[in-house]
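For the sequence shown, the UniProt record's numbering gives the first residue as 1, with consecutive numbering after it.
Where a beta carbon is used, it is the ideal one built from N, C-alpha and C, also for glycine.
Working notes, beginning with the structure itself.
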Amino acid sequence: MTDKVKFSSYINKNFKSTLNQLAKNKSKADNSYHTEYITVNDYLNSFNEQALTDICNRISKLKYNCDHLTPIILPKTNCLKRDVMTLDNTRLVCVPSVQDRILQKLFIKYLKDHYEEIYKVFCKYDHALNKGYNDKEVEYIDDKGTPNKKTIHGIRKALDDVIEYRGKYKYVIKADIVKFFDNINREIAVKKFEKEFIGLNEDKELIAIFKSFVYCDAKLDYGDLKYKKLIEKYLEELKGKGVRQGMPIASLCSSMYLYEFDNLMIKNSIPYIRYADDFLIFSNSYDRAKKLKDHVQENLKNIGLDIEKEVGKPKTEICGAKCKFTYLGFDIVYNSRLQSYQRRIPEPVFYKAIGRINSFQSMTKVKRECGNYVDFSLYLKMLISGYTNFYSEDLAINGKEFNKDLIKASKDVRKKLITDNLNIDFENIGSANKRMFFFGIK
């Protein structure tokens, strides 16, 4: 814990360096979500010391108000390409302005620097936030075949714990809180922050800025006109409640909100893994698992949350021994030959990833979405990198196969575009020329 300084002074010292850090991400520095959105580069180019002074003054006078968020509609995994988008098969993500994104990032960093012990307590059991507080050392075989050790955290630790716990217990309760972020009570969230973090310190700057973040809402006009009616339904349903996903502080709010629930699980020695609002509870008997499920549901209802929807397919299930389930995007499956549990990349992920690559069947689409063939090749490289960084070979038993299939799909679609548009017999081109002119296609 460092010597405490006012949040406004902390912003004055660290804002510009954080802005410069954002600008280093070239792939996102020019991202714009609507005509009025100021990109990272635009903000950097117009930034000056007077603007920073104005921000700090508004924070110190407890008068800082966040800009409106930009609403973005994203399809869920159950939303197929030709499906009509609805509230059930999409999610709303809200993007803050560049300025507010920086302030929220610095807000979290400030808490880590000046309220570290409290921050650690809140985040200890949330694998989305507990890096450095609940790490795990695991053994692995390196590229040379030598046994070695490494430290894991976050989603990797959560997935490693799943395999460990699944091997010890016959039953697992797979739970997902229904519309968790949307149902967070803003008033309770602010009071929890004021009581647990601030306590007797009476840090009015922090309370005021946190309240501004929590009560921030999206503006309909900033959304994609194509989804205007759907966004309108979302904003009407969420009016005055919830914390918007897409804001850097959303994960902290979730951990703070579930702090007592975490303690209840640990206090009663219940085997438990949580990543944000997705959690698993383990048991060796079905009756015990059923009682735990009812107990969890009752406790969450006390803070306005639930693990079961009123209608539709249940969100929470009890899985028996050797039963497959999906957690954090991976299938957890039993291998009879090895008599152990493993992680697999689900088949729909294969289909969706390869489908995105194969959707580029004409240069018209390439020009419309990427501009030119060179940028299209770079786009495919980034797309594959994004998928394989998450669904990596060390996390899934079919990770190597996944990587191989994506690379093949990328080469095949580029070969087809070249053959169809340049009338070139691709197979007659020498390997050196393929590497030189066609980005390594073989």
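On the three-state DSSP scale, how would you describe residue i?
i: Leu159; result: helix
i: Ala396; result: coil
i: Leu62; result: coil
i: Pro346; result: coil
i: Val366; result: helix
i: Lys191; result: helix
i: Cys79; result: coil
i: Ala276; result: coil
i: Glu401; result: helix
i: Val374; result: helix
i: Lys309; result: coil
i: Cys323; result: coil
i: Met85; result: coil
i: Phe282; result: strand
i: Phe330; result: strand
i: Ile318; result: strand
i: Gln50; result: helix
i: Tyr387; result: helix
i: Lys352; result: helix
i: Gln245; result: strand
i: Cys216; result: coil
i: Leu258; result: coil
i: Thr90; result: strand
i: Asn299; result: helix
i: Asp412; result: helix
So, is residue i buried or exposed, given that buried needs 16 or more other C-beta atoms within 10 angstroms?
i: Glu187; result: exposed
i: Pro96; result: buried
i: Lys293; result: buried
i: Glu232; result: exposed
i: Arg343; result: buried
i: Val374; result: exposed
i: Leu230; result: buried
i: Leu80; result: exposed
i: Leu422; result: exposed
i: Ala175; result: buried
i: Val40; result: buried
i: Gly246; result: buried
i: Val84; result: exposed
i: Ala250; result: buried
i: Asp142; result: exposed
i: Met382; result: exposed
i: Ile266; result: exposed
i: Ile332; result: buried
i: Arg244; result: buried
Is it the case that the Cβ atoms of residue i and residue j are separated by a distance below 8 Å?
i: Ile38; j: Val98; result: yes
i: Gln297; j: Asp287; result: no
i: Asp277; j: Ile173; result: no
i: His127; j: Ala158; result: yes
i: Ser340; j: Gly167; result: yes
i: Glu205; j: Leu406; result: no
i: Leu92; j: Ile73; result: yes
i: Tyr165; j: Gly320; result: no
i: Phe261; j: Ile345; result: no
i: Tyr110; j: Phe7; result: yes
i: Leu69; j: Cys94; result: yes
i: residue 447; j: Gly242; result: The chain is shown only over 1 to 442; residue 447 falls outside these bounds and no answer can be derived.
i: Val138; j: Lys150; result: yes
i: Thr35; j: Leu106; result: no
i: Asn20; j: Cys56; result: no
i: Tyr259; j: Phe47; result: no
Regarding residue i and the ligand FAD, is the C-beta to nearest heavy atom distance less than 7 Å?
i: Gly145; result: This structure lacks the ligand FAD, and indeed carries no ligand of any kind.
Whole angstroms is fine: what's the gap from residue i's alpha carbon to residue j's?
i: Ala289; j: Ser255; result: 24 Å
i: Tyr10; j: Ile209; result: 13 Å
i: Lys301; j: Lys195; result: 21 Å
i: Lys291; j: Asn335; result: 29 Å
i: Tyr64; j: Cys323; result: 51 Å
i: Arg368; j: Phe360; result: 10 Å
i: Thr316; j: Leu280; result: 10 Å
i: Val190; j: Arg101; result: 19 Å
i: Tyr215; j: Leu252; result: 15 Å
i: Asp217; j: Phe15; result: 23 Å
i: Leu103; j: Lys400; result: 40 Å
i: Leu417; j: Ala29; result: 30 Å
i: Tyr351; j: Lys309; result: 28 Å
i: Lys4; j: Cys66; result: 25 Å
i: Ser212; j: Thr90; result: 27 Å
State the CB to CB distance for the pair residue i and residue j, rounded to an integer number of angstroms; the pair is presumed to be in contact (CB under 8 Å).
i: Gly304; j: Asn185; result: 5 Å
i: Leu235; j: Pro348; result: Not a contact, Cβ separation roughly 30 Å.
i: Ala396; j: Ile354; result: Not really, about 16 Å apart at Cβ, beyond 8 Å.
i: Asp161; j: Ile273; result: 5 Å
i: Ser385; j: Arg414; result: With a Cβ gap of about 16 Å, Ser385 and Arg414 do not count as contacting.
i: Lys179; j: His153; result: That belief does not hold up - the Cβ atoms of Lys179 and His153 are roughly 28 Å apart, past 8 Å.
Say whether chain B places a C-beta atom closer than 8 Å to the C-beta of residue i.
i: Asp375; result: Any reference to chain B falls outside this structure, which holds one protein chain only.
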